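Step one of this worksheet: look at the structure below.
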Amino acid sequence: MLRVGLLLVMAAFAAASANAQPAVGDRYSAVDTLVCQTERNSDAQECLDGLRWTPEAFDVVCQPPAREREGDLLIRFPSPRPLGDSTNDLVAMEWYMVRDSSGKPATAPAVVIVHESGRGMTVGRIFARGMYAQGIHAFLLQLPGYGVRRSEAVRDETRLLEGMKQGIADVRRARDAVAVLPGIDSTIIGVQGTSLGGFVVATAAGLDQGYQRTFIMLAGGNLEKVLFSGQRDAARVRERLHSAGIEDDAIRALTRPIEPLRLAHRLSANSTWMFCGRRDDVVPPECSRELAQAAGLDDQHFIVLEADHYSGVIYLPIMITRMKLLMTSPENSAVDPAR
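For what it's worth, our numbering labels the leading residue of the sequence shown as 2, then goes sequentially.
As structure tokens, this is what we get:
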């Protein structure tokens with residue numbers, strides 16, 4: 002009887018701890034679950050070898066939000082691919098926390114949001130707040146050089162490849178950081194990225210099957226083609242690279258190690274959804290289609306919006322609602338973009 006009583010007390014304590022109110026200064030222990038299975042495809046194996054890291058234990062720390070309305074807490078953890086800059090190498094995620102009636106974290110799925118290229122991360126925060134409103138814990142991950150990670154040392158165009166590799170690794174480790182926090186249903190953790198964030202997510206999700214749901218918005222594959230033929234945002238990146246003395250051949254060499262198409266076949270066709278714009282002139286639609294085809298996505302998982310790269314914002318409420326339904330329903334659920 003004593004043993005049974007002890008077990009009941011321990012179970013009750015564990016349940017209470019799982020949803021304990023996190024506070025500034027709280028620290029949680031996490032471990033990388035990255036498992037990059039050996040590839041028969043030598044090109045994919047080469048890509049994996051260039052992106053993977055040795056899994057290890059790491060700490061996850063709660064800090065106060067950097068600004069008002071930028072989440073309930075700022076979650077910090079070390080990047081698995083440090084670049085030697087202390088400001089940039091500590092990853093930051095804004096936690097938009099779903100709470101129960103007592104104010105503690107509610108037990109719910111979670112999604113890591115990876116923002117677009119704009120310094121304000123506006124679209125990323127719209128997704129984060131929208132998913133929070135739908136009852137999903139949302140974590141806006143600030144990519145290298147953004148937000149509180151902003152550092153002149155990593156804004157150098159010649160470090161583009163290093164920064165992208167770091168961002169890809171940060172997104173994958175974020176899954177394991179989120180999983181140890183109170184209130185997180187670790188069986189359903191998704192990842193979503195828009196534009197720049199979509200490219201990062203596409204490659205990060207190809208490392209292994211760490212995330213249970215993957216949402217790629219206004220992005221695709223064939224980075225070389227995007228940079229050389231894309232307009233507006235893509236053209237500005239191209240111009241900055243040229244201004245830094247990085248010529249076309251060097252740009253091709255920079256994009257190859259992070260090319261989503263090299264790992265696209267490793268994406269789960271049942272739990273990956275892509276949304277692209279039919280008139281997108283930043284990310285050519287054929288580049289989105291290339292990634293979808295390489296990943297084996299059917300029409301229910303590859304949705305074409307009647308929009309360009311910017312007017313697609315009108316679909317955000319629809320996409321957020323559909324993401325919530327897909328996060329909380331079987332992974333092979335159909336998507337009706339008209340709903």
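Each residue gets a CB set at the ideal place from its N, CA and C atoms; glycine is no exception.
Predicted, not measured: the structure shown is a model, and the values here were computed from it.
> Would Pro-258 pass as a contact of Ala-170 if the rule is Cβ separation under 8 Å?
Replying inline: What you label residue 258 is simply residue 257 of the sequence shown in a count that begins at 1. What you label residue 170 is simply residue 169 of the sequence shown in a count that begins at 1. No, they are not a contact pair.
>> For Tyr-133 and Val-124, what's the separation of their Cα atoms in angstroms?
In response: Mapped onto the sequence shown, residue 133 falls at position 132. Mapped onto the sequence shown, residue 124 falls at position 123. Between Tyr-133 and Val-124, the C-alpha separation is close to 14 Å.
> At which residue ranges does the stretch 229-279 contain complete alpha helix (DSSP H) runs of 4 or more residues, listed in the order of the chain?
Replying inline: Listed in chain order, they are 234-244 and 249-256.
>> Run through the DSSP bridge pairs and tell me what Met-324 is partnered with.
In response: Residue mapping note: residue 324 aligns to position 323 of the sequence shown, counting from 1. Met-324 is not bridged to any residue.
> Is Asp-157 helix, strand or coil when you go by DSSP?
Replying inline: To locate residue 157, count along the sequence shown from 1; it is residue 156. In the structure shown, Asp-157 sits in coil (DSSP, three-state: anything other than H, G, I, E or B).
> If you draw a straight line from the alpha carbon of Ser-272 to that of Leu-326, how long is it in whole angstroms?
Replying inline: Within the sequence shown, residue 272 is the residue found at index 271, counting from 1. Within the sequence shown, residue 326 is the residue found at index 325, counting from 1. Computed Cα separation, rounded: 13 Å.
>> Using 8 Å as the cut-off, can you tell me whether the stretch 314-322 makes contact with the stretch 243-261, which would need three or more C-beta pairs spanning the two stretches below that distance?
In response: With a cut-off of 8 Å, the stretch 243-261 and the stretch 314-322 do not count as touching, because too few Cβ pairs lie within range.
> When DSSP labels each residue in this structure, what does Met-98 get in the three-state scheme?
Replying inline: By one-based count along the sequence shown, residue 98 stands at place 97. DSSP places Met-98 in coil when its eight states are reduced to three.
> In the stretch 155-218, which residue ranges form an unbroken beta strand (DSSP E) of at least 3 residues, counting only runs that do not cross its ends?
Replying inline: 185-195 and 214-218
> Near His-116, what residues of its chain come up, given a Cβ to Cβ distance below 6 Å and the 5 sequence neighbours on each side ignored?
Replying inline: Counting from 1 along the sequence shown, the entry for residue 116 is found at position 115. Once the five neighbours on either side are set aside, the close Cβ partners of His-116 are Met-122, Gly-125 and Gly-198.
> Where do the ends of the beta strand (DSSP E) carrying Ala-31 lie?
Replying inline: For the purposes of this step, residue 31 is identified with residue 30 of the sequence shown, where counting begins at 1. Counting along the chain, the beta strand (DSSP E) containing Ala-31 begins and ends at 28-32.
>> Please list the terminal residues of the continuous alpha helix (DSSP H) segment that includes Asp-50.
In response: Indexing the sequence shown from 1 puts residue 50 at position 49. Taken as a continuous stretch (DSSP letters only), the alpha helix (DSSP H) holding Asp-50 covers 43-52.
>> Let's test the definition: count the other Cβ atoms within 10 Å of the Cβ of Asp-44 and tell me whether it reaches 16, buried, or not, exposed.
In response: As a first step, residue 44 must be located in the sequence shown, where it is residue number 43. That one is exposed.
> Assuming Ile-274 contacts Ile-315 under a Cβ cut-off of 8 Å, what Cβ separation, rounded to an integer in Å, is found between them?
Replying inline: The count along the sequence shown starts at 1 and reaches residue 274 at position 273. The count along the sequence shown starts at 1 and reaches residue 315 at position 314. Sequence check: residue 274 is Trp here, not Ile. With a Cβ gap of about 18 Å, Trp-274 and Ile-315 do not count as contacting.
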